[in-house]
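Data block below; observations after.
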Amino acid sequence: METQTFGLAHLWGQSDYIIRAVGAILLLMSITSWYLILVRSLRQLRARRSDNAVDAFWAAPSLSAGLQRLSEQAPESPFEELARQGAAATDHLRQHGHRETLGGTLDADEFVTRALRKSIAMSTSRLESGLTMLASIGSTAPFVGLFGTVWGIYHALVNISASGLATLDKVAGPVGEALIMTAFGLFVAIPAVLAYNAFTRANRVELSELDAFAHDLQAWFTTGARIAPLDERTESRKAGARSPSPEAA
Numbered sequence: 000m001e002t003q004t005f006g007l008a009h010l011w012g013q014s015d016y017i018i019r020a021v022g023a024i025l026l027l028m029s030i031t032s033w034y035l036i037l038v039r040s041l042r043q044l045r046a047r048r049s050d051n052a053v054d055a056f057w058a059a060p061s062l063s064a065g066l067q068r069l070s071e072q073a074p075e076s077p078f079e080e081l082a083r084q085g086a087a088a089t090d091h092l093r094q095h096g097h098r099e100t101l102g103g104t105l106d107a108d109e110f111v112t113r114a115l116r117k118s119i120a121m122s123t124s125r126l127e128s129g130l131t132m133l134a135s136i137g138s139t140a141p142f143v144g145l146f147g148t149v150w151g152i153y154h155a156l157v158n159i160s161a162s163g164l165a166t167l168d169k170v171a172g173p174v175g176e177a178l179i180m181t182a183f184g185l186f187v188a189i190p191a192v193l194a195y196n197a198f199t200r201a202n203r204v205e206l207s208e209l210d211a212f213a214h215d216l217q218a219w220f221t222t223g224a225r226i227a228p229l230d231e232r233t234e235s236r237k238a239g240a241r242s243p244s245p246e247a248a
């Protein structure tokens with residue numbers, strides 16, 4: 000009794016150029032997806048140092064020392080870029096703020112705010128780089144694999160019809176073999192979707208921290224003092240309430 004061996008090698012060997020093109024597309028999608036996942040994961044590992052870097056910045060004795068600490072602990076991070084943009088805007092306003100120019104007509108608060116917003120917008124664009132590709136791969140790869148399955152089944156049935164051997168054992172093998180393309184599509188799509196969701200959440204957290212840092216920088220550059228956190232303000236009020244008044248003394 001003749002036995003037939005089915006599998007990926009057999010599917011590739013007897014497939015036409017359409018099935019091979021679908022397989023090449025899925026392979027390219029998988030390589031692109033895993034490359035983006037690796038690059039973004041490494042960036043997220045580096046971004047975890049930003050919290051300590053921001054604390055070190057505020058603990059520095061001067062602005063230059065704070066920028067140096069950011070450069071050492073979180074080089075090329077959005078937080079370092081934001082602080083440097085704010086410092087550059089303040090220096091520019093100090094040198095050119097009294098001239099009769101469009102920039103000179105802006106007050107210090109508005110000028111620094113515009114610089115910080117521009118830095119946040121540029122950082123947001125860099126953080127979202129590659130996410131559109133991951134979302135596209137995650138949403139289209141199953142359908143690309145499904146197309147390969149449909150075409151593989153059609154191709155197999157045509158060959159079976161031409162041979163005249165339309166028995167169950169002759170049909171089940173090629174049809175089941177064609178379903179491998181759907182499995183490939185899911186294999187490509189699932190990691191891309193999971194990575195997209197994880198990176199989107201991480202970006203949302205980082206952007207909220209960046210926005211809070213920008214708020215503190217804006218207050219410091221325009222008033223010379225950082226806005227105290229809520230817990231510190233609460234403790235200050237409690238301490239003031241506990242201290243006796245001069246009249247009571």
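Counting from 1, position 94 in the sequence shown corresponds to residue 93 in numbering that gives the first Met the number 0; the numbering is continuous, with no gaps. Backbone N, C-alpha and C define an ideal beta-carbon position, used for all residues, glycine too.
Using alpha carbons as the reference points, say which of L92, E205, A52 and S124 lies closest to E71. Selected option, being the one with the closest Cα: A52.
Within 10 Å of its beta-carbon, does P60 have 16 or more other beta-carbons around it, so buried, or fewer, so exposed? Around the beta-carbon of P60, fewer than 16 other beta-carbon atoms lie within 10 Å, marking it exposed.
For my contact list, W150 and I36 are in at a C-beta cut-off of 8 angstroms; report their separation, rounded to the angstrom. With 8 angstroms as the limit, W150 and I36 do not qualify as a contact, their Cβ atoms being about 29 angstroms apart.
Is it the case that the stretch 105-121 contacts the stretch 174-193, given that we only count it when at least three CB pairs across the two stretches are under 8 angstroms? Per the Cβ contact rule, the stretch 174-193 is not in contact with the stretch 105-121 (fewer than 3 Cβ pairs under 8 angstroms).
From the DSSP output, in three-state form, read off D15 for me. Three-state result, D15: coil.
Can you tell me whether DSSP reads R93 as helix, strand or coil? DSSP, read as helix, strand or coil, puts R93 in helix.
Less than 8 angstroms between the C-beta atoms of G137 and M180, yes or no? Contact: no.
Compare the Cα-Cα distances from S128 to each of T221, L26 and Y34 and report the closest residue. Ranking the options by Cα distance to S128, first place goes to Y34.
Can you give the beta carbon distance from L216 to L115, rounded, assuming they're within the 8 angstroms contact cut? The distance from the Cβ of L216 to that of L115 is about 6 angstroms, consistent with a contact at the 8 angstroms cut-off.
Verify the contact flag: S128, CB atom, against every heavy atom of the ligand ADP, threshold strictly below 7 angstroms. In the structure on display, the ligand ADP does not appear, and there are no ligands present to speak of.
Three or more beta-carbon pairs under 8 angstroms between the stretch 81-90 and the stretch 179-195, yes or no? Judged by pairs of C-beta atoms under 8 angstroms, the stretch 81-90 does not touch the stretch 179-195, as fewer than three such pairs exist.
Residue from E208, A218, Q43 and M132 whose Cα sits closest to the Cα of S29: Nearest option by C-alpha distance: M132.
Starting from the Cα of T148, find the closest Cα among P74, L66 and A182 and give me that residue. With distances taken between Cα atoms, T148 lies closest to A182.
If you run the structure through DSSP and keep just helix, strand and coil, what is E127? Coil, per DSSP.
Proximity winner among F198, F78 and G65, relative to D210 (alpha-carbon distances): Checking every option, the nearest Cα to that of D210 belongs to F78.
In whole angstroms, give me the CA-to-CA distance for L26 and H91. Those two C-alpha atoms are separated by around 51 angstroms.
Which residues bound the alpha helix (DSSP H) around L216? Secondary structure note for L216: its alpha helix (DSSP H) is the uninterrupted segment I179 to T222.
Alpha carbon to alpha carbon, how far is R200 from V157? Give it in angstroms, no decimals. Spanning the two alpha carbons is a distance of roughly 48 angstroms.
Put A73 into one of helix, strand or coil per three-state DSSP. Of the three classes helix, strand and coil, the one that applies to A73 here is coil, per DSSP.
Just tell me which of N202, L206, A155 and I119 has its CA closest to the CA of S40. Closest by alpha carbon: N202.
From T31, R93 and Y153, pick the residue whose C-alpha is nearest to that of L130; which is it? Ranking T31, R93 and Y153 by Cα distance to L130 puts T31 first.
Proximity to A46 [Cα-Cα], best of A73, A120, F220 and K117: Ranked by Cα distance from A46, the first of A73, A120, F220 and K117 is A73.
Do F198 and V21 have their beta-carbon atoms positioned less than 8 angstroms apart in this structure? No; because the gap between Cβ atoms is not below 8 angstroms, this pair is not in contact.
Tell me whether F220 is buried or exposed, calling it buried when 16 or more other Cβ atoms sit within 10 Å of its Cβ. That one is buried.
C-beta atoms of T89 and L206 nearer than 8 angstroms: Their beta carbons are not under 8 angstroms apart, which means T89 does not touch L206 by this criterion.
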